[in-house]
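In the working numbering, the protein residues as written are 13 to 580. Ideal placement from N, C-alpha and C gives every residue a C-beta, glycine not left out. Following: one structure in structure tokens, then a few remarks.
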RNA sequence: UGUCCCAUGGUGUAAUGGUAGCACAGCAGAUUUUGGUUCUGUUAGUCUGGGUUCGAAUCCUUGUGGGACAACCA
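Following this line, the structure appears as structure tokens:
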């Protein structure tokens, strides 16, 4: 995150930066800036969380402040250490660090409990014995007021006794709750005596069976912010309606003289086209085996993007481009893909890989001869390293790089036409061999011009098409996994009428097992990133071994030939 | 029949009362031993009506459209 400055030095702030700066200017909170990233450990982080992470940590960095990591673990039935570990790994991968400020809401359970007791003592909370349905019914609706609970006037002594016994495990889950006593006719639903503690007997992943009552979100979040000295509590828009309650609880808690007060600021959640961001749905995809796991390269999770070959830089850059506002919009995935290409173009090593091979025989090239051709690792680099590719009489080229009856503007190999073999010779197609039954092309024949090897004067000849190739004998087999969007509709979240399984794209994964790559890349390690010449960006999958190389397609190269074809 | 929030090209985002700009996408062209990259040009926008003002995307107001809120989830 950075403040944009134009050439006149005029700064352009997003609304959150503007708030922070005005707080700083007014000298609020001792001119401190302290934020927090507060995930619930009930699932893996996804790209939407990346937006929050970049903001929480970014604002702190930008204003010389600190950012805590806090696990919001107030509901043991949904949470697990598996998620805690993955969340920490993903934040680090994105390039952010909470240093020694790792917290859990459960660290504050005792203080929250004591505070609840204080609230009871001051007559502002009571134990309600009604069922969930009864309570919900009494709450009224957004357009009509609620009614008081029959237990609302319980004595302070009885409330104190009941609440203590709730926590001793004396009562069943669901039999009693603690509610704040505020206003059952408030236009804000969250003020209608919100439930602040409920009984849960499921063991907590950190505190075990110590507690039998757990605080609700509204009773925990603002207070934890307060305990940790948070100054700016940044969250997504759906919490806007909670803010008055957030402030109410903090007001009850803070000393009358103190002017420290955390401030909640809401921003818009990330919505991406063709992407499902709901944690519940993502969990379902994993549980039903519709994807291979949380880190399936088609998943919008951070670990999925990582396995897919996205770089942390590209994700951060994407977040920077989309900005923070209060507009509930929908961002085109092409902007994310652009950010990925932008970075990968700078760092990915170019290799020749033939994804759908067909044999090309150079009939006038000496049998048994091998020449080493020089290829630049990355033409974007000023002093790029160079590697060698073996060239021989029999090569593989891409099946769709040859057409017998080409449409207009096709400038790859066609009968009688000259094309350049990248980093090697100019060749001319002389014929093909087809399968007699199927008509499928089995081999393509061509002749090369020995004067046109790369670097020779004759090689400057203008030739329209340039093909990538590998030597049949020297190339190495590999498996290539081509991923496409998981959903075939632009806004899967909107199609609430349909089962989301119907919205899945059946072609989201294609395994191409016959790929051949140049020997240079055979020693690649998991995570290494390459650009397959003219095809796309790939990385070596974590399951890849020297015996079986597996590449994930991170993102295809822009291919304008497709557009030319559409126009024909 | 409530409360709160939002509205700038197709998409996202600036302009903080003073020339509506940027990015993505699109289109056209140049360069290119990747139909990639790079470069150039270009199409296209302030939701509606009123008001305040010398001047409004910006402030007020009307309407319209969109979103959030009725979990013992966060």
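Residue i, DSSP secondary structure in three states
i, result
"residue 200", "coil"
"residue 34", "helix"
"residue 234", "helix"
"residue 20", "For residue 20, the predicted structure reports a pLDDT of 46, less than 50, and the residue's modelled location is therefore unreliable. The matter cannot be settled from this model."
"residue 227", "strand"
"residue 359", "helix"
"residue 146", "helix"
"residue 103", "helix"
"residue 440", "strand"
"residue 526", "strand"
"residue 273", "coil"
"residue 263", "helix"
"residue 537", "coil"
"residue 336", "coil"
"residue 518", "coil"
"residue 365", "strand"
Cα-Cα separation, residue i to residue j
i, j, result
"residue 428", "residue 456", "12 Å"
"residue 179", "residue 239", "22 Å"
"residue 421", "residue 568", "22 Å"
"residue 366", "residue 100", "38 Å"
"residue 64", "residue 320", "21 Å"
"residue 18", "residue 536", "Model confidence at residue 18 stands at a pLDDT of 48, short of 50, so the residue's coordinates are unreliable and nothing is read from them."
"residue 57", "residue 538", "22 Å"
"residue 235", "residue 279", "21 Å"
"residue 541", "residue 267", "55 Å"
"residue 557", "residue 145", "56 Å"
"residue 492", "residue 376", "32 Å"
"residue 260", "residue 189", "20 Å"
"residue 419", "residue 62", "45 Å"
"residue 104", "residue 97", "11 Å"
"residue 20", "residue 155", "Confidence at residue 20 is low in this model, with a pLDDT of 46, below 50, so the placement of that residue is unreliable and no value is reported for it."
"residue 221", "residue 241", "28 Å"
"residue 95", "residue 295", "12 Å"
"residue 121", "residue 85", "10 Å"
"residue 14", "residue 575", "Any reading at residue 14 needs caution, since the residue's pLDDT is 45, under 50, leaving its predicted position unreliable; the model's value is listed next. Residue 14 and residue 575: Cα-Cα distance of roughly 36 Å."
"residue 527", "residue 370", "10 Å"
"residue 202", "residue 253", "8 Å"
"residue 157", "residue 107", "48 Å"
CB contact flag (residue i, residue j, <9 Å)
i, j, result
"residue 383", "residue 402", "yes"
"residue 218", "residue 116", "yes"
"residue 544", "residue 396", "no"
"residue 530", "residue 482", "yes"
"residue 563", "residue 551", "yes"
"residue 501", "residue 509", "no"
"residue 458", "residue 373", "yes"
"residue 70", "residue 45", "no"
"residue 67", "residue 246", "yes"
"residue 229", "residue 210", "no"
"residue 516", "residue 347", "no"
"residue 479", "residue 431", "yes"
"residue 150", "residue 159", "yes"
"residue 59", "residue 317", "yes"
"residue 142", "residue 161", "yes"
"residue 163", "residue 498", "no"
"residue 548", "residue 272", "no"
"residue 336", "residue 27", "yes"
"residue 124", "residue 231", "yes"
"residue 288", "residue 281", "no"
"residue 191", "residue 137", "yes"
Per DSSP, cross-strand counterpart(s) of residue i
i, result
"residue 153", "156"
"residue 66", "Bridge partners of residue 66: none, in fact."
"residue 446", "453"
"residue 403", "383"
Among the options, the one whose alpha carbon lies nearest that of residue i
i, options, result
"residue 379", "367, 404 and 399", "404"
"residue 172", "250, 158, 140 and 146", "140"
"residue 351", "341, 339 and 324", "324"
"residue 484", "465, 410 and 416", "410"
"residue 475", "438, 490, 203 and 448", "438"
"residue 87", "294, 118, 534 and 417", "118"
"residue 486", "566, 381 and 460", "381"
"residue 208", "314, 463, 369 and 258", "258"
"residue 524", "124, 497 and 561", "561"
"residue 114", "136, 49, 89 and 133", "49"
"residue 464", "107, 436, 73 and 490", "436"
"residue 368", "336, 407, 572 and 357", "407"
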